[in-house]
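**Student:** So the protein lines, in turn, are chains Y, D, S and H. The first sequence runs 331 to 469 under the numbering used here. The second sequence runs 331 to 469 under the numbering used here. The third sequence runs 331 to 469 under the numbering used here. The fourth sequence runs 331 to 469 under the numbering used here.
Number of protein chains: 4
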Amino acid sequence: MFSYDWTVQYYETDQMAIVHHSNYIRWFESARTAYLSEMGIPYDKMEAAGIISPVLTVNCQYRQMTRYGETVTITPVLSSYNGVKYVVTYEIRNKETGVLNATGETSHCFLSKDGKIVSLKKALPETHAVLQGLVKKEE
Amino acid sequence: MFSYDWTVQYYETDQMAIVHHSNYIRWFESARTAYLSEMGIPYDKMEAAGIISPVLTVNCQYRQMTRYGETVTITPVLSSYNGVKYVVTYEIRNKETGVLNATGETSHCFLSKDGKIVSLKKALPETHAVLQGLVKKEE
Amino acid sequence: MFSYDWTVQYYETDQMAIVHHSNYIRWFESARTAYLSEMGIPYDKMEAAGIISPVLTVNCQYRQMTRYGETVTITPVLSSYNGVKYVVTYEIRNKETGVLNATGETSHCFLSKDGKIVSLKKALPETHAVLQGLVKKEE
Amino acid sequence: MFSYDWTVQYYETDQMAIVHHSNYIRWFESARTAYLSEMGIPYDKMEAAGIISPVLTVNCQYRQMTRYGETVTITPVLSSYNGVKYVVTYEIRNKETGVLNATGETSHCFLSKDGKIVSLKKALPETHAVLQGLVKKEE
Chain Y
331 MFSYDWTVQY YETDQMAIVH HSNYIRWFES ARTAYLSEMG IPYDKMEAAG
381 IISPVLTVNC QYRQMTRYGE TVTITPVLSS YNGVKYVVTY EIRNKETGVL
431 NATGETSHCF LSKDGKIVSL KKALPETHAV LQGLVKKEE
Chain D
331 MFSYDWTVQY YETDQMAIVH HSNYIRWFES ARTAYLSEMG IPYDKMEAAG
381 IISPVLTVNC QYRQMTRYGE TVTITPVLSS YNGVKYVVTY EIRNKETGVL
431 NATGETSHCF LSKDGKIVSL KKALPETHAV LQGLVKKEE
Chain S
331 MFSYDWTVQY YETDQMAIVH HSNYIRWFES ARTAYLSEMG IPYDKMEAAG
381 IISPVLTVNC QYRQMTRYGE TVTITPVLSS YNGVKYVVTY EIRNKETGVL
431 NATGETSHCF LSKDGKIVSL KKALPETHAV LQGLVKKEE
Chain H
331 MFSYDWTVQY YETDQMAIVH HSNYIRWFES ARTAYLSEMG IPYDKMEAAG
381 IISPVLTVNC QYRQMTRYGE TVTITPVLSS YNGVKYVVTY EIRNKETGVL
431 NATGETSHCF LSKDGKIVSL KKALPETHAV LQGLVKKEE
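#1: Output, in chain order, the set of chain H residues within a Cβ distance shorter than 8 angstroms of residue 344 of chain D.
#2: Expressed to the nearest angstrom, what Euclidean distance is found between the alpha-carbon atoms of residue 382 of chain H and residue 431 of chain Y?
#3: State buried or exposed for residue 364 of chain Y, treating a residue as buried only when at least 16 other CB atoms are found within 10 Å of its CB.
#4: Can the beta-carbon of residue 335 of chain D be found less than 8 angstroms from the beta-carbon of residue 425 of chain D?
#5: Just checking, does the stretch 385-399 of chain H make contact with the stretch 382-396 of chain S on the three C-beta pairs under 8 angstroms criterion?
#6: Quick test of your reading: residue 379 of chain S and residue 454 of chain S, contact by CB under 8 angstroms. State the CB separation rounded to the nearest angstrom.
#7: For residue 293 of chain Y, which option in H:360, H:404, H:416, H:369 has the closest C-alpha, if you only look at C-alpha atoms?
#8: By the three-class DSSP mapping on this structure, what secondary structure does residue 350 of chain H have?
#9: Which complete alpha helix (DSSP H) runs does the stretch 351-422 of chain D hold, if anything under 4 residues is left out?
#10: Please confirm whether residue 419 of chain Y has its beta-carbon closer than 8 angstroms to some beta-carbon of chain D.
#11: If contacts are defined as beta-carbon pairs under 8 angstroms, then residue 404 of chain S and residue 333 of chain S qualify, I think. What distance do you get, rounded to the angstrom?
#12: Do residue 460 of chain D and residue 376 of chain D have their CB atoms nearer than 8 angstroms?
#13: Could you name the residues of the stretch 389-409 of chain S whose beta carbon sits closer than 9 angstroms to any beta carbon of chain Y, in the order they occur along the chain?
#14: So the alpha helix (DSSP H) residue 461 of chain D belongs to, where does it begin and stop?
#15: Is any beta-carbon of chain Y found at less than 8 angstroms from that of residue 385 of chain D?
#16: Give me, in chain order, the residues of the same chain whose beta-carbon lies closer than 8 angstroms to that of residue 466 of chain Y; leave out the 5 immediate sequence neighbours on both sides.
#17: To the nearest whole angstrom, what separates the beta carbons of residue 407 of chain H and residue 419 of chain H, a pair I think is in contact under 8 angstroms?
#18: Let me know the secondary structure DSSP gives residue 435 of chain H once reduced to three states.
#19: Please return the same chain residues whose Cβ sits closer than 8 angstroms to the Cβ of residue 373 of chain H, not counting the five positions on each side in sequence.
#20: In or out: residue 525 of chain S buried (at least 16 other Cβ within 10 Å) or exposed?
#21: Less than 6 angstroms between C-beta atoms, sequence neighbours within five positions excluded: which residues of the same chain meet that for residue 344 of chain D?
#22: When the cut-off is 8 angstroms and only beta carbons count, does residue 360 of chain D lie next to chain Y?
#23: Beta-carbon separation of residue 462 of chain D and residue 411 of chain D under 8 angstroms?
#24: Would you tell me roughly how many angstroms separate the C-alpha atoms of residue 348 of chain H and residue 439 of chain S, rounded to the nearest one?
#25: Does the beta carbon of residue 427 of chain S sit closer than 8 angstroms to a beta carbon anywhere in chain D?
#26: Going by DSSP, which residues form a beta bridge with residue 334 of chain Y?
#27: Could you list which residues in chain D have their beta carbon closer than 7 angstroms to that of residue 374 of chain S, in chain order?
#28: Among Y:449, Y:458, Y:355, which residue has its Cα nearest to the Cα of residue 414 of chain Y?
#29: Could you check if residue 447 of chain Y is buried or exposed, using at least 16 other CB atoms within 10 Å of its CB as the buried criterion?
#30: Look at residue 355 of chain Y and residue 422 of chain D and say whether their C-beta atoms are less than 8 angstroms apart.
#31: Which whole-angstrom value describes the C-beta separation of residue 358 of chain H and residue 436 of chain H, a residue pair presumed to lie in contact below a C-beta threshold of 8 angstroms?
#32: With DSSP as the reference, please indicate the residues paired to residue 343 of chain S in a beta bridge.
#33: Determine, for residue 423 of chain S, whether the minimum Cβ-Cβ distance to residues of chain D falls below 8 angstroms.
#34: Is there a C-beta anywhere in chain D that falls below 8 angstroms from the one on residue 355 of chain Y?
#35: Please list, in chain order, the chain Y residues whose beta carbon lies closer than 7 angstroms to that of residue 363 of chain H.
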């Protein structure tokens with residue numbers, strides 16, 4: 331299973347002396363783009379092909395505060411894909427102890443640069459096939 | 331009804347030429363803290379009293395991309411409060427056109443600085459009364 | 331003289347309980363773009379005309395820590411402009427007390443979207459005239 | 331020589347389709363704290379001992395735009411240390427091509443948590459010795 335390690339940066343902390351909650355949303359993105367890139371779908375190549383993949387929804391459940399000095403492991407899983415939309419779920423755990431710091435989910439569609447919804451099956455059939463394969467693997 | 335205006339900053343954009351989705355989570359915080367401060371609950375005073383109010387959950391639904399040059403109006407509403415936890419919902423709209431850019435929700439508890447759950451009714455009875463009043467007003 | 335007010339946001343603090351130093355660089359940008367826009371040079375219009383204005387150098391001297399709860403006033407001044415490059419200097423002061431929190435300077439050029447240096451006098455003569463006028467005023 | 335690799339994150343880009351310039355200042359910090367930690371001066375331990383090390387000045391010269399998809403190598407060098415203040419210089423290069431993207435410098439002092447200047451020689455003699463050794467090595 332793909333996972334993505336992240337060392338907490340000082341600038342990610344706030345004056346509660348914990349990682350500011352908005353950064354978990356950024357970590358989801360870092361893990362998701364690294365995962366898709368690893369699976370053969372680099373986001374910069376997709377954009378170069380004229381397709382963007384904006385975020386439709388995001389949610390995050392904060393279980394345990396993350397602090398400076400920690401390294402976390404983010405595990406993204408492609409939980410659904412139907413040709414026009416995909417959903418990724420995430421777990422964020424302390425790399426050393428395995429303690430669960432947060433869970434979350436993001437959903438995404440594909441748009442052409444002029445903002446129209448794109449069916450990936452037609453526009454990028456190879457990428458479509460990769461995503462279908464990834465979802466099957468998770469079932 | 332309280333609302334909070336925000337002018338999109340250049341550094342909030344990403345290479346899709348839209349505001350990066352993580353910034354909406356930050357706007358929720360800006361609107362929430364301004365709202366609570368306006369209602370007599372300034373966050374810096376609460377922290378000075380030894381109480382922090384971390385985020386338990388966050389969700390956001392992105393409806394319309396927000397772009398550089400826009401000003402948005404964020405409307406936070408205290409939708410529930412039970413003495414140990416409160417929930418705030420948000421609408422983000424283009425200030426000029428009123429178009430809905432996003433909706434969302436955050437939930438929060440109160441902790442002492444050593445991480446124990448605080449009952450606000452005992453710890454800060456005045457703040458407790460303000461929050462109760464705000465929830466009633468919304469019902 | 332143009333000045334730009336900014337209320338410190340919670341997410342701008344770090345675990346030293348002060349504003350993280352990287353945010354001052356962002357405040358310079360906010361003040362600079364608001365200033366130029368006020369003077370008739372909105373950055374989004376310039377980009378729409380195919381010209382970007384990247385940062386060449388930045389420096390900042392931190393005099394006094396800025397904390398959550400403060401509002402600062404940023405004063406940008408166009409200190410030089412020669413047709414292909416301009417320099418802006420900044421003062422950041424506590425709005426209430428006038429205490430100097432930081433000073434700094436940024437320099438910028440103009441580029442076409444394919445990365446070539448643009449002489450503003452030819453490309454955008456009206457913007458060129460505005461910048462010349464602003465520099466004169468400061469002398 | 332110590333160096334620190336960083337993969338550009340999507341959220342670090344802006345609508346010029348380059349890394350926003352404020353992020354280089356954050357990369358300096360990431361490289362500096364990793365470097366000092368590697369040399370036996372972990373920043374979290376120093377803070378736990380009641381000493382903070384705020385930034386006094388920062389400057390950065392942007393030579394080449396950095397884009398999404400790039401990995402950069404940041405090389406921090408402790409260029410001076412006199413017991414109460416230290417200076418670090420940086421080079422940021424494309425990891426693959428070696429092209430120089432930026433150079434910069436930050437300076438720092440040591441403060442107790444109540445804001446008084448700390449002489450590291452007295453307060454943390456071992457850390458003082460490490461810093462002296464590092465500067466000698468660079469001469």
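A virtual CB, placed ideally from N, CA and C, is assigned to each residue, including glycine.
**Tutor:** Straight from the coordinates:
#1: Within the second sequence, the letter at position 14 stands for residue 344 of chain D. Going along chain H in sequence order, the residues near residue 344 of chain D (Cβ under 8 angstroms) are 340, 341, 343, 344, 345.
#2: Here residue 382 of chain H refers to the residue found at position 52 of the fourth sequence. Here residue 431 of chain Y refers to the residue found at position 101 of the first sequence. Going from the Cα of residue 382 of chain H to the Cα of residue 431 of chain Y covers about 27 angstroms.
#3: Here residue 364 of chain Y refers to the residue found at position 34 when the first sequence is read from its first residue. Residue 364 of chain Y comes out buried.
#4: Locating residue 335 of chain D in the second sequence gives position 5, where the first residue counts as 1. Locating residue 425 of chain D in the second sequence gives position 95, where the first residue counts as 1. Yes.
#5: The stretch 385-399 of chain H vs the stretch 382-396 of chain S: in contact.
#6: Here residue 379 of chain S is taken as the residue at index 49 of the third sequence, counted from 1. Here residue 454 of chain S is taken as the residue at index 124 of the third sequence, counted from 1. The beta-carbon distance between residue 379 of chain S and residue 454 of chain S, rounded to whole angstroms, is 7 angstroms. This is short enough to meet the 8 angstroms contact definition.
#7: Lying before the first or after the last residue shown, residue 293 of chain Y is absent from chain Y, which here runs from 331 to 469.
#8: Taking the fourth sequence and counting its residues from 1, one reaches residue 350 of chain H at position 20. Of the three classes helix, strand and coil, the one that applies to residue 350 of chain H here is coil, per DSSP.
#9: 352-368, 373-378
#10: The sequence position of residue 419 of chain Y within the first sequence is 89, counting from 1. Chain D contact via Cβ: absent.
#11: The residue you call residue 404 of chain S lines up with position 74 of the third sequence. The residue you call residue 333 of chain S lines up with position 3 of the third sequence. Sure, about 7 angstroms apart at Cβ, within 8 angstroms.
#12: As a working mapping, residue 460 of chain D is identified with position 130 in the second sequence. As a working mapping, residue 376 of chain D is identified with position 46 in the second sequence. With respect to the 8 angstroms criterion, residue 460 of chain D and residue 376 of chain D are not classified as neighbours on the basis of their beta carbons.
#13: 397, 398
#14: As a working mapping, residue 461 of chain D is identified with position 131 in the second sequence. Residues 455-468.
#15: Here the question's residue 385 of chain D lines up with position 55 in the second sequence. With respect to chain Y, the C-beta atom of residue 385 of chain D has a partner C-beta closer than 8 angstroms.
#16: Here residue 466 of chain Y corresponds to residue number 136 of the first sequence, with the count starting at 1. For residue 466 of chain Y, where only same-chain residues beyond five positions count, there are no Cβ hits under 8 angstroms.
#17: For the purposes of this step, residue 407 of chain H is taken as residue 77 along the fourth sequence, with counting starting at 1. For the purposes of this step, residue 419 of chain H is taken as residue 89 along the fourth sequence, with counting starting at 1. Residue 407 of chain H to residue 419 of chain H, Cβ: 5 angstroms. Contact.
#18: Within the fourth sequence, the letter at position 105 stands for residue 435 of chain H. In the three-state reduction of the DSSP assignment, residue 435 of chain H falls in the strand class.
#19: Along the fourth sequence, read from residue 1 onward, the residue named residue 373 of chain H stands at position 43. Answer for residue 373 of chain H: 363, 366, 367, 383, listed in chain order.
#20: Nothing can be reported for residue 525 of chain S: it is not among the residues displayed for chain S, which extend from 331 to 469.
#21: Numbered from 1 along the second sequence, position 14 holds the residue referred to as residue 344 of chain D. Result list for residue 344 of chain D: 350, in chain order.
#22: For the purposes of this step, residue 360 of chain D is identified with residue 30 of the second sequence, where counting begins at 1. Closer than 8 angstroms: no.
#23: By one-based count along the second sequence, residue 462 of chain D stands at place 132. By one-based count along the second sequence, residue 411 of chain D stands at place 81. Yes, these two residues count as a Cβ contact at 8 angstroms.
#24: Locating residue 348 of chain H in the fourth sequence gives position 18, where the first residue counts as 1. Locating residue 439 of chain S in the third sequence gives position 109, where the first residue counts as 1. Rounded to the nearest angstrom, the two C-alpha atoms are 15 angstroms apart.
#25: For this step, residue 427 of chain S is matched to residue 97 along the third sequence. Answer no: the Cβ-Cβ gap between residue 427 of chain S and chain D never drops below 8 angstroms.
#26: Counting from one through the first sequence, the residue named residue 334 of chain Y turns up at place 4. Residue 334 of chain Y pairs with Y:404.
#27: Position 44 of the third sequence, counting from 1, holds the residue named residue 374 of chain S. Residues of chain D passing the Cβ test: 398, 399.
#28: The residue you call residue 414 of chain Y lines up with position 84 of the first sequence. Ranking Y:449, Y:458, Y:355 by Cα distance to residue 414 of chain Y puts Y:449 first.
#29: In the first sequence, counting from the first residue as 1, residue 447 of chain Y sits at position 117. It is exposed - the Cβ of residue 447 of chain Y has fewer than 16 other Cβ atoms within 10 Å.
#30: Walking along the first sequence from the start, residue 355 of chain Y turns up at place 25. Walking along the second sequence from the start, residue 422 of chain D turns up at place 92. Their beta carbons are not under 8 angstroms apart, which means residue 355 of chain Y does not touch residue 422 of chain D by this criterion.
#31: As a working note, residue 358 of chain H is residue 28 in the fourth sequence. As a working note, residue 436 of chain H is residue 106 in the fourth sequence. Correct: roughly 6 angstroms between the Cβ atoms.
#32: By 1-based counting over the third sequence, the position of residue 343 of chain S is 13. Partner(s): S:349.
#33: In the third sequence, counting from the first residue as 1, residue 423 of chain S sits at position 93. Residue 423 of chain S does not count as touching chain D.
#34: Against the first sequence, residue 355 of chain Y aligns to sequence position 25. So, interface residue.
#35: Here residue 363 of chain H refers to the residue found at position 33 of the fourth sequence. Per Cβ cutoff of 7 angstroms: 340.
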